[in-house]
Amino acid sequence: MSTLEIKNLQVSVDTEAGAKEILKGVDLTIRSGETHAVMGPNGSGKSTLAYSIAGHPKYKITGGSVTLDGVDLLEMTVDERARAGLFLAMQYPVEVPGVSVSNFLRTAATALRGEAPKLRTWVGEVKDAMNALNMDPAFAERNVNEGFSGGEKKRHEIMQLELLKPKIAILDETDSGLDVDALRIVSEGVNRAKAANDLGVLLITHYTRILRYIKPDFVHVFAAGRVVEEGGPELAEKLEESGYAEYVTQ
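Using UniProt numbering, the letters of the sequence shown map in sequence onto residues 1 to 250.
Here it is in structure tokens:
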């Protein structure tokens, strides 16, 4: 059982006008096997939460704590956080020219496991993951995210999730830019990873459509840099009907 615990997290970014506070005291606890949906309007701080936990240097932690299994993540480098069991699927994955998908995945697995996966076994794992996500086998030899469609980028993120087997996954608007078929395939990948590894999931989204495929245990409404309401799946249904207007005006 793993636990990601966020207490009173406060985060700011530097702007031309000075420091701007984005997160204003966020409390959230995600345990193994749980799916938490963080929903809110654009600009509410959802992605800032994801990147701050992962260690993006743009975001300055001004207060609070983030721990994984009692260990202070904020004192770790980005790669140390990954080795501790944290995974971030980015909304806009970056291109890595000159590095093939197969080399990238094996290098990442080696860094996490402390030794290189046995090649024959690893090739089979990658093939199975790609088949499950309806990916062309030639995809493994392409450069990471170079010329990928939006759907290919998201499938690649979820392939990493399935192969690297983290403890806690943060999915930042994984549904963004996906058509119905791609959304279903990607969601099934998340569900497989959760079932296989007792994965804890923090799912950040603006819309409810992905929640038709990935069922949340808890829903948290985010507005103006903080959690303003919490509940179960019924809260997502309320948001589907009435939107975020009442929270934006709070």
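Every residue gets a Cβ at the ideal spot worked out from N, C-alpha and C, and that includes glycine. Bear in mind that the values here come from a model prediction, so they are computed numbers and not experimental data.
Through-space distance from residue j to residue i, alpha-carbon basis
| i | j | result |
| --- | --- | --- |
| P166 | G114 | 14 Å |
| R106 | A245 | 45 Å |
| G40 | P216 | 15 Å |
| M76 | L199 | 21 Å |
| I53 | K118 | 32 Å |
| Y51 | L86 | 12 Å |
| L68 | V228 | 24 Å |
| V66 | L23 | 13 Å |
| D172 | F139 | 23 Å |
| Y247 | D128 | 43 Å |
| G25 | R81 | 22 Å |
| residue 255 | R226 | Limits of the chain in this structure are 1 at one end and 250 at the other, which puts residue 255 out of reach. |
| E16 | K58 | 14 Å |
Contacts around residue i, its chain only, beta-carbon distance under 8 Å, and the 5 residues preceding and following it disregarded
| i | result |
| --- | --- |
| A183 | The sequence as given places Leu at residue 183; Ala does not occur at that position. Answer for L183: D175, R209, I210 and Y213, listed in chain order. |
| I158 | A89, L133, T174, V186, G189, V190 and A193 |
| R83 | A111 and L112 |
Anticipated Cβ contact below 8 Å, residue i with residue j, distance rounded
| i | j | result |
| --- | --- | --- |
| V201 | K194 | 6 Å |
| A236 | S44 | At roughly 16 Å, the Cβ-Cβ gap does not stay under 8 Å, so A236 and S44 are not in contact. |
| T35 | L203 | 6 Å |
| S102 | V126 | 7 Å |
Spatial neighbours of residue i in its chain, beta-carbon cut-off 6 Å, leaving aside the 5 residues before and after
| i | result |
| --- | --- |
| E230 | H220 |
| F104 | V144 |
| N197 | K165 |
| V94 | none |
| L28 | I6 |
Where the beta strand (DSSP E) through residue i begins and ends
| i | result |
| --- | --- |
| A37 | T35 to M39 |
| V99 | V96 to S100 |
| E5 | T3 to T15 |
| L183 | Here L183 belongs to no beta strand (DSSP E); instead the alpha helix (DSSP H) covers V180 to N197. |
| T67 | K60 to L68 |
| G200 | G200 to T205 |
| D27 | G18 to R31 |
| D172 | I168 to D172 |
| R226 | R226 to G231 |
| residue 267 | Summary: the structure shown does not reach residue 267, with the chain confined to residues 1 through 250, and so no result is reported for it. |
| A132 | Run containing A132: none in the beta strand (DSSP E); it sits in the alpha helix (DSSP H), L119 to A132. |
Nearest candidate by alpha-carbon position, reference residue i, set the options
| i | options | result |
| --- | --- | --- |
| P137 | H156, G150 and A108 | H156 |
| G150 | E162, K60 and L178 | L178 |
| I170 | A108, G147 and T205 | T205 |
| K60 | R83, L88, F87 and K20 | K20 |
| A109 | D69, T62, V228 and L163 | L163 |
| F218 | V94, L88, I30 and V101 | I30 |
| M135 | S47, M1, T48 and D181 | D181 |
| Q10 | G64, S47 and T48 | G64 |
| residue 320 | E16, L73 and G33 | Lying before the first or after the last residue shown, residue 320 is absent from the chain, which here runs from 1 to 250. |
Residue i beta carbon near the ligand SAH (any heavy atom closer than 7 Å)
| i | result |
| --- | --- |
| T205 | The ligand SAH is absent from the structure shown, which contains no ligand whatsoever. |
Contact set for residue i: own chain, Cβ-Cβ below 7 Å, skip 5 residues either direction
| i | result |
| --- | --- |
| S12 | A19, K20, E21, I22, K60 and T62 |
| N191 | I214 |
| V71 | A84 |
Extent of the continuous alpha helix (DSSP H) run through residue i
| i | result |
| --- | --- |
| H156 | G150 to L164 |
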